[in-house]
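In this text, residue positions in the sequence shown follow the UniProt record's numbering: the first is 1, and each later residue adds one. So the structure is just underneath, and the comments pick up after that.
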Amino acid sequence: MAKGFDCAAPLTRTLAKKFKEDGYEFVCRYLVPSGWKRLTQAEAVAISAAGLQIVSVYETTASRALGGRAAGLTDGAIAAQTALAVGQPAGSRIYFAVDFDASAKQMDTVIGYITAAGEAARNYQSGVYGSVTVIEAAMAAKACTGFWQTYAWSKGRKAEGIHLYQYDNGPKGLGQPVHGVNVDLNQSSGEAGWWSTQSAAVPAPGSANGEGKDYMMKKEDAGKIIAFLQAAYMAAGNAESGKEFHRLANELRKASGQAADPNNR
Numbered sequence: 001m002a003k004g005f006d007c008a009a010p011l012t013r014t015l016a017k018k019f020k021e022d023g024y025e026f027v028c029r030y031l032v033p034s035g036w037k038r039l040t041q042a043e044a045v046a047i048s049a050a051g052l053q054i055v056s057v058y059e060t061t062a063s064r065a066l067g068g069r070a071a072g073l074t075d076g077a078i079a080a081q082t083a084l085a086v087g088q089p090a091g092s093r094i095y096f097a098v099d100f101d102a103s104a105k106q107m108d109t110v111i112g113y114i115t116a117a118g119e120a121a122r123n124y125q126s127g128v129y130g131s132v133t134v135i136e137a138a139m140a141a142k143a144c145t146g147f148w149q150t151y152a153w154s155k156g157r158k159a160e161g162i163h164l165y166q167y168d169n170g171p172k173g174l175g176q177p178v179h180g181v182n183v184d185l186n187q188s189s190g191e192a193g194w195w196s197t198q199s200a201a202v203p204a205p206g207s208a209n210g211e212g213k214d215y216m217m218k219k220e221d222a223g224k225i226i227a228f229l230q231a232a233y234m235a236a237g238n239a240e241s242g243k244e245f246h247r248l249a250n251e252l253r254k255a256s257g258q259a260a261d262p263n264n265r
């Protein structure tokens, strides 16, 4: 089991390194377009440089999933755009949060939200964060491919086949204080869909596709993602972002067996 945590507070490279030295392998951070808790491109680079993997979770409000399919389509599209902007590689996963005790009567609406979010989050896998009842309902409906269960509202039950398990929210649900940051503690069984800016594809430790095999991205796929990066650069319109987008484009070229572009185009 891989050891990890989630937190709302942004991490510096120094802080991320302290967690890495404590044996943590991944951190779950908020992939949202604005607000104090959002993951930024600079933070993603810092976390990755410290050796931690990143799990992306999209959550604006706890009960956003009650907006159903319409909200899911909107959020999935925004999540994909935000992921691209922070350097999250295609093929990794975005989890959409159901951060409340969803009832049986609300479940169809919740599943509609999760399904639609995955449809709209093009080029990314989708997952759900929630209680055991939400997880099992999403599994039964095949609403997504990733499952992150919290022990909250789960009444001691744990679903089979989950990729992440949040087992400790600290006193009164406010998190455990570690290195001056309140964190929730998590475990991963692998294949969580986490990512790093250090590589274009990050297999889970000990997984079948991570033992002695190098992943080679298709040139056509790399070209499509590079086009998205170029569009994101044009939208950002500043030199600092431009340098990072160019670097990521060259990483994609290398991952697909192409030569890096010395002119950073």
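Backbone N, C-alpha and C fix where the C-beta goes; we use that ideal spot for every residue, glycine too.
Outcome for Pro89 when other beta-carbon atoms lying within 10 angstroms are tallied against a minimum of 16: buried
Selected residue, minimal CA-CA separation from Ala49, among Ala227, Ile226, Arg247, Gln198: Gln198
Three-pair Cβ contact test at 8 Å for the region 63-71 versus the region 20-33: no
Euclidean distance between Cα positions of Tyr215 and Trp194: Low per-residue confidence applies at Tyr215: pLDDT is 48, beneath 50, and the placement is therefore not dependable enough to give any value.
Option in Val57, Glu136, Ala80 with minimal Cα separation from Ala104: Glu136
Local conformation of Arg122 per DSSP, three classes: coil
Ala80 versus Gln41 - alpha carbon distance: 14 Å
Limits of the unbroken beta strand (DSSP E) element including Val55: 53-58
Whole-number beta carbon distance between Ser56 and Asp101, since they are thought to touch under 8 Å: Contact flag wrong, Cβ pair sits at about 24 Å.
Spatially closest choice to Gly223 from His246, Leu252, Asn123, by CA coordinates: Leu252
Nearest to Ile78 (by Cα), restricted to the options Lys20, Gln106, Ala46, Ala117: Ala117
Within 9 Å, strictly: CB atoms of Leu39 and Val86: yes
Close Cβ partners of Lys3 (< 7 Å) along its chain, the five nearest in sequence each way excluded: Gly23, Tyr24, Glu25, Gln187
Helix, strand or coil at Arg247 [DSSP, three-state]: helix
Minimum C-alpha distance to Lys18 - residue among Lys155, Gly72, His179: His179
Buried versus exposed, by CB contacts within 10 Å (16 or more), Leu84: buried
Sequence-distant residues of the same chain with beta carbon closer than 6 Å to Gly175, five excluded per side: Asn182, Val183, Asp184
Same chain, Cβ closer than 7 Å to Ser196, neighbours up to 5 away in sequence not counted: Ser48, Gln53, Ile54, Val202
Buried or exposed by the 16-neighbour rule on C-beta atoms within 10 Å, applied to Ser154: buried
Cross-strand partners of Asp6 (DSSP beta bridge): Cys28, Asp184
Range of the contiguous beta strand (DSSP E) that encloses Ala164: With the sequence shown as reference, residue 164 is identified as Leu, and Ala is not the correct amino acid for it. Looking at the DSSP string, the run of the beta strand (DSSP E) that includes Leu164 is 164-168.
Rounded straight-line distance, which links the Cα of Ala70 to that of Leu11: 33 Å
Residue range of the alpha helix (DSSP H) that includes Val86: 68-86
Option in Gly146, Gly156, Gly161 with minimal Cα separation from Asp168: Gly156
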